[in-house]
Each structure stands twice: as C-alpha cells, then as structure tokens.
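S.K.: Residue numbering for the sequence shown follows the numbering used here, beginning at 5 and increasing consecutively.
Cβ atoms here follow ideal geometry from the backbone N, Cα and C, with glycine treated the same way.
Predicted model, so just to flag it, every value in this text is computed and none were measured.
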Amino acid sequence: MSRPILEVIALDAADAVAAQAGGADRLELVVDMAADGLTPSVETFTSVREAVDLPLRVMLRSRDGFTSGGPDAVRDLAIRARRLREAGATEFVLGFLDETGGPDLPTVQALLAELDGCRWTFHRAIDRAADRETLRKELADLPGLDTYLTAGSARGVDDGLPTLCAEAARSIAGEPGHRPTLLVGGGLQLKHLPALRRAGLAAFHIGGAARPGGWDAPVDADAVRGWRAVLDAPLDA
C-alpha cells in the first residue's frame, strides 16, 4: 500500500507551515471554524500559497450547514470561486444538499462552472444525505470530483466505522459511484486508524486533532508529526 495521505485543516499561513513541518500531505484551507469552515479570502489563500508548497484544497462555503443559502449566496460564492481561481487556486472543497437531503446539483454545477475542471472534494454533506448511495450516483459524472470527505455517519467516525469499511471495499472493487477516494474525517481519532487501514482506507483528515490547545490555538507540528508516525508505521507494529 502506498503512503497514507494526511490532510490537515489550516486557517492561515502559520498553520500551513506547521502542518507541512509535521508531515502533512495536503491542506484544507478554511476560515471561521465556529461555522464549521467557510471560504477564505483571496489574501489568505495567497499568503498560504506563498508559505508552503503542499497541495491546497480551498473551501467553497458561505454559511454554516449544508444548504446553499439561496440564489444570491450562490452567485456571491461563484464570484469568490472565480477570484480564487484567478489567484491560482487549483483544488477545492464543496458540497450542498437540497431540502430533501439529496445533492443540490444546481448549486454544485454553478460552482463547477467556475472551477473549469479543477479537482475537488465533496465534503461531509454526504454524512447528512438522505441516501448516500443515491447521492453518489447523482454526483458520479461531475467533472473533477475525486474525493469524499466522510465520517461514515453524521455522528462521527465512532458510529461510521462499519459504513466506511463497507464503502472502502466497494471503492477498491471500483464500483460505479465509489471510485473517488474516501478521505476519513469527522471525530477521527488515532484509535480508529488500525481498523480503517486494514479495510484499505488510506486518506485521513484532521482538524482539532492537530491543535491540542483547541481551535483558538495554532496547528501544532508535533501533533501532526504524531499522526504521521502512526500512519507510516506497519499495520502489525
């Protein structure tokens, strides 16, 4: 198995530098974790891009929750996506549900029109979907979708482990709708890693776990380094 991917949430350039020093493979760039992560400014993106050379996925989200906020909010977010692309952003994170719990395809497609084929992650909205399998089928042909960020359950990885392991088997088999990488995050703890890795999962996402001091504290390079060491250790160690 290739080296597992470790993605770390960064809020600014200092976080990005610490995450890279600790061994992160990729960053998810957001602001305002009180609202569970919103779109950063172009200035924040630029400062992070100048500080590190890691792959960087930028959140496209203007409000807490998994709904778009309506046509005006979608237009504003599309403009922000366009400006981030102009500033050099090439990878993104997004995901919206409609009132039925299905994927909000008009909103997703409006944003994809600005991304011009960029790779992107459908974030944890999948864990709130009315039907995960139906959502996957409806998103399967969208350009650039290569990752699902998921805990397997809205309640987190503790509850979602069986779903994650089952979906990993379908992903390994290359089933339609299951080809995007499963990026495990949402209440992820070190204790979960052995079972997840044995199931074939190889991409992991941490936020609070990289900040022992809480969200008001910066990313701690040693905390990231600890995760890197566990992920790089042989499974039978």
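If you count every other CB in all the chains shown that lies within 10 Å of the CB of Leu194, and 16 or more means buried, which is it?
M.R.: Leu194 is exposed by the Cβ-count criterion.
S.K.: According to DSSP, is Trp231 helix, strand or coil?
M.R.: If DSSP states are grouped into helix, strand and coil, Trp231 belongs with the helices.
S.K.: Check Asp19 in the structure and name its three-state DSSP category.
M.R.: Helix.
S.K.: Excluding five sequence neighbours on each side, which residues of the same chain lie with their C-beta closer than 7 Å to the C-beta of Ala221?
M.R.: So the list reads Arg215, once near-sequence residues are dropped.
S.K.: Mind checking which residues open and close the beta strand (DSSP E) that includes Thr244?
M.R.: One cannot answer for residue 244 here, as it falls past the ends of the chain, which runs 5 to 241.
S.K.: Taking Tyr152 as the reference, which of Val97, Ala17, Thr138 and Leu119 has the closest Cα?
M.R.: Here the closest residue by C-alpha is Val97.
S.K.: Is Gln24 buried or exposed, if buried means 16 or more other CB atoms sit within 10 Å of its CB?
M.R.: Under this definition Gln24 is a buried residue.
S.K.: Can you give me the start and stop residues for the beta strand (DSSP E) that Leu186 sits inside?
M.R.: Taken as a continuous stretch (DSSP letters only), the beta strand (DSSP E) holding Leu186 covers Thr185 to Val188.
S.K.: Taking the alpha-carbon positions, what's the Val52 to Leu119 distance?
M.R.: The alpha-carbon atoms of Val52 and Leu119 are separated by roughly 20 Å.
S.K.: Of all the alpha helix (DSSP H) runs that stay within the bounds of the stretch 136 to 215, which reach a length of 4 or more residues?
M.R.: Those alpha helix (DSSP H) runs which fall completely within the stretch 136 to 215 and span 4+ residues are 136 to 143, 161 to 176 and 197 to 202.
S.K.: From what residue to what residue does the alpha helix (DSSP H) around Glu81 run?
M.R.: Reading off the sequence, residue 81 comes out as Leu, not Glu. Pro75 to Glu90 is the span of the alpha helix (DSSP H), which, as asked, contains Leu81.
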